[in-house]
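For the sequence shown, counting from 1, position 1 maps to 1 in this note's numbering; every step adds exactly one. For glycine and all other residues, C-beta sits at the position ideal for the given N, C-alpha and C. Let me begin by presenting the structure, written as structure tokens, before commenting on it.
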Amino acid sequence: MPDALAIAELAAGLALVLLLGALMNMSPAAIALGTGTYVAMAALLGLALPDGGAGLGWGNRATLVRAVLVCVVTGSLTDPAATAAQAWLTAALVLAALALDGVDGWVARRTGTVSSFGARFDMELDAFLILVLCLWLVVTGAVGIWVLAVGGMRYGFVLAGIRWRWLAAPLPESRRRKAVCVWQVVALVAAMTPLADATRSSWLAASALATLVISFAIDVRWLYRHART
């Protein structure tokens, strides 16, 4: 269970979601979705947070700021017309979240707060951000519904691991996996900007899907080979 400091930090994150929603003149529905997403995320964090720590820890605080930005972007899904009109602002929020993705791990290492909880928090937030970007492209009509395969593949992989336990085995650290994640975000953000027409957006999203499929194939092959040894 979270201690008093962690609860205060999670509450501060909620206040930041509300503040950003107000500054962006988001609709009540958008603010409700953004805050609801954050509350659900904070509840899961509170349940998973290890005992004995003083607050979230510096690395996780940086990740929490990313989570705030992702929740604000999630809220924008309620109004496709306004979402499309604010494409540059939304892209800026996502790029800020992407930049922080390179900061939280560094902060955790420098402050001695590296943990399996922090690594999982970071990974799950990356996966959720990619799913939200795919939903953004669908609701605004920028790309067809097929792009949801990009955001849903990781969750499909997790579900497959319930049926075939060897798929749930831990994977070694991989720069390739991280690079593919970064490319997915970059490609999807580029697809959502006004600079990309429908054709360019589709090609960018397709490149994200192709690299993801290849990356998953490499991981599945590795897991299968090691499950047989």
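| query | result |
| --- | --- |
| Would you grab the beta carbon distance between Leu129 and Val70 for me? Rounded to a whole angstrom, and I think it's under 8 Å. | 5 Å |
| Give the range of the alpha helix (DSSP H) segment to which Leu209 is assigned. | Ala198 to Ala227 |
| Any idea what DSSP makes of Asp101, helix, strand or coil? | helix |
| For Leu44, which three-state DSSP category applies? | helix |
| Is the beta carbon of Leu77 closer than 8 Å to that of Trp146? | no |
| Measure from the alpha carbon of Ala81 to the alpha carbon of each residue in Cys134, Ser27 and Val186, then state which is nearest. | Ser27 |
| Measuring CB atoms only, is the segment 46–59 touching the segment 80–94, in the sense that at least three cross pairs come out at less than 8 Å? | no |
| Could you check the C-alpha separation between Leu125 and Ala169 for me, to the nearest Å? | 20 Å |
| So, is Tyr38 buried or exposed, given that buried needs 16 or more other C-beta atoms within 10 angstroms? | buried |
| If you count every other CB in all the chains shown that lies within 10 Å of the CB of Gly156, and 16 or more means buried, which is it? | exposed |
| Report, in whole angstroms, the separation of the C-beta atoms of Gly151 and Leu167, which I expect to be a contact under 8 Å. | Not really, about 19 Å apart at Cβ, beyond 8 Å. |
| If you pair each beta-carbon of the segment 182–191 with each one of the segment 89–103, do three or more pairs fall below 8 Å? | yes |
| Per DSSP, what kind of secondary structure is Leu56 in: helix, strand or coil? | coil |
| Please state the DSSP three-state secondary structure of Met24. | coil |
| Mind checking whether Gly75 and Ala12 have CB atoms under 8 Å apart? | no |
| So what does DSSP say about Ser115, is it helix, strand or coil? | coil |
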